[in-house]
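Undergrad: Residue numbers (the numbering used here): 73 to 424.
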Ligand code: SAH
């Protein structure tokens with residue numbers, strides 16, 4: 073058992089089973105043993121690799137998308153350019169480089185990062201020294217908000233419920249023979265899931281992310297009040313159904329209870345639940361990452377970059393383009409939703 077596993081087993085023995093959300097929060101953000109607090113999980117040597125780490129084109133196009141959205145809204149003279157969960161800061165560094173030639177954009181933009189891990193904050197400071205850091209979205213300055221969140225929402229802890237009649241049994245992490253094990257609470261009706269009675273039947277499993285609504289509401293309210301746009305990019309679907317909790321260590325899928333604090337834990341993002349919280353701002357329809365990047369011109373950009381490359385570097389570049397866009401790779405699994413003011417046009421690439 074990992075050191076965190078031993079701590080959790082002790083806690084559960086003393087006070088009883090915990091929700092999956094509590095378990096996930098401890099695994100990811102425990103101050104001493106948490107997955108994100110103790111390591112840099114990203115990149116080829118880490119446990120998983122994200123789009124901005126695959127190719128500079130990803131951050132460049134996201135940056136240009138937000139730069140164009142800023143122009144479309146009349147180029148306000150002071151804005152917050154924010155990222156939720158910036159990882160190594162690669163995406164924002166690429167976005168800033170790509171938008172150097174958008175006249176006035178850099179003079180208007182202050183870069184703000186929302187990041188919980190001090191380890192990753194240190195890496196982000198190397199990539200984007202001028203950034204300002206926040207523990208959550210609520211302390212961002214009250215200005216037009218141009219925001220990106222890539223693979224952020226999938227890292228937020230989820231609870232899981234199994235339908236039983238018109239009630240729900242929650243999946244809880246308990247102990248059996250000194251080992252962490254999943255069990256089910258007694259069935260109870262749940263206001264939280266009243267909207268899921270229509271599309272589920274007995275035995276179905278649904279997931280609920282308790283910290284997401286406040287974040288989506290804050291982003292929607294700011295964008296409605298001050299202007300701006302948000303791009304939320306992640307794996308998931310319009311509405312999630314079934315168990316999507318996934319643990320990954322060293323690029324391998326493992327049992328979510330096996331290596332607490334050592335394996336990354338994620339769940340698919342329920343985009344309908346995000347969309348339901350952004351009112352009075354508007355949201356775009358859900359678009360695949362492949363279509364979004366193609367519409368923003370990734371193939372042109374890839375061809376331009378290819379001119380300067382040869383040999384292995386060229387092969388790697390072609391593979392990266394394919395990995396980001398092809399339906400068999402990240403192109404279809406990853407989705408994008410945009411948030412924008414009711415008075416503005418949708419961000420580029422996400423038009424209906
Ligand atoms: N966006 C980056 C990193 C994705 S990993 C990329 O695409 O490469 C998830 C990121 O979200 C990490 O930076 C992690 O530390 C951060 N994170 C996870 N949960 C968080 C929370 N509750 N509050 C703030 N940051 C969080």
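Note that beta-carbon positions come from the ideal geometry of N, C-alpha and C, so glycine has one too.
Just so it is clear, the structure is predicted and the values come from calculations on it, not from any experiment.
#1: Let me know the secondary structure DSSP gives residue 232 once reduced to three states.
#2: When you compare the CB positions of residue 144 and residue 417, do they come within less than 7 Å of one another, or not?
#3: Going by DSSP, name the residue or residues bridged to residue 204.
#4: Among the residues of its own chain, which have a CB less than 8 Å from the CB of residue 213, if the five just before and after it don't count?
#5: Contact defined as beta carbons within less than 8 Å: I believe residue 329 pairs with residue 245. What is the distance between those atoms, to the nearest angstrom?
#6: Would you say residue 225 and residue 341 are within 7 Å of each other, going by their C-beta atoms?
#7: The beta strand (DSSP E) with residue 255 in it runs from where to where?
#8: Throw me the rounded Cβ distance for the residue 352 and residue 296 pair, which I believe falls under 8 Å.
#9: Quick check on residue 332: buried or exposed, where buried means 16 or more other Cβ atoms within 10 Å of its Cβ?
#10: Nearer than 6 Å: is that true of the beta carbon of residue 224 relative to any heavy atom of ligand 1?
#11: Let me make sure I understand the geometry here. Which of 396, 192, 109, 218 has the alpha-carbon closest to that of residue 413?
#12: Quick check: is any heavy atom of ligand 1 less than 6 Å from the C-beta of residue 187?
#13: Could you have a look at residue 77 and say whether DSSP puts it in helix, strand or coil?
#14: How about residue 155 and residue 230: are their beta carbons less than 7 Å apart?
#15: Sorry if obvious, but does the Cβ on residue 124 come closer than 6 Å to a heavy atom of ligand 1?
#16: Verify the contact flag: residue 199, CB atom, against every heavy atom of ligand 1, threshold strictly below 6 Å.
#17: With a 10 Å radius around its C-beta and 16 neighbouring C-beta atoms as the bar for buried, classify residue 355 as buried or exposed.
#18: Going by the DSSP bridge assignment, what does residue 407 pair with across the sheet?
#19: Beta carbon of residue 347, beta carbon of residue 316: below 7 Å?
#20: Please determine if the segment 160-176 and the segment 117-136 are in contact, where contact requires at least 3 C-beta pairs separated by less than 8 Å.
#21: Determine, using beta-carbon pairs with one atom in the segment 238-252 and one in the segment 82-96, whether at least three such pairs fall under 8 Å.
#22: Relative to the C-alpha of residue 405, which candidate in 308, 103, 326 has its C-alpha closest?
#23: Identify which residue in 253, 282, 271 has its Cα closest to the Cα of residue 264.
#24: What residue range does the beta strand (DSSP E) around residue 336 cover?
#25: Going by DSSP in three states, residue 319 sits in which element: helix, strand or coil?
#26: Suppose contacts are defined by Cβ-Cβ distances below 7 Å. Is residue 241 in contact with residue 274 by that definition?
#27: Is it the case that the Cβ atoms of residue 160 and residue 195 are separated by a distance below 7 Å?
#28: What residue from 113, 349, 175, 74 has the CA that sits closest to residue 320's CA?
#29: For residue 392, I'd like the list of residues in its chain whose CB is within less than 6 Å of its CB, leaving aside the five on either flank, ordered along the chain.
#30: So the beta strand (DSSP E) residue 325 belongs to, where does it begin and stop?
#31: Could you tell me the boundaries of the alpha helix (DSSP H) in which residue 192 lies?
#32: Say yes only if the C-beta of residue 227 is nearer than 6 Å to one or more non-hydrogen atoms of ligand 1, and no if none qualify.
#33: Opposite residue 90 in the DSSP bridges: which residues?
TA: For this structure:
#1: strand
#2: Residue 144 places its beta carbon less than 7 Å from that of residue 417.
#3: 184, per the DSSP bridge assignment.
#4: Excluding sequence neighbours, residue 213 sits near 152, 182, 184.
#5: 7 Å
#6: yes
#7: For residue 255, the uninterrupted beta strand (DSSP E) run begins and ends at 251-256, by DSSP.
#8: 5 Å
#9: Under this definition residue 332 is a buried residue.
#10: yes
#11: 218
#12: Yes - ligand 1 has a heavy atom lying nearer than 6 Å to the Cβ of residue 187.
#13: Assignment of residue 77 by DSSP, reduced to helix, strand and coil, places it in the helix class.
#14: At least 7 Å separates the beta-carbon of residue 155 from that of residue 230.
#15: The answer is yes for residue 124.
#16: Result no, Cβ not under 6 Å from ligand 1.
#17: It is buried - the Cβ of residue 355 has at least 16 other Cβ atoms within 10 Å.
#18: 306, 360
#19: no
#20: yes
#21: yes
#22: 308
#23: Checking every option, the nearest Cα to that of residue 264 belongs to 282.
#24: 336-338
#25: Annotated three-state conformation of residue 319 is strand, per DSSP.
#26: Contact flag unset, no.
#27: Yes, they are a contact pair.
#28: 113
#29: 126, 127
#30: 324-326
#31: 190-199
#32: yes
#33: 245
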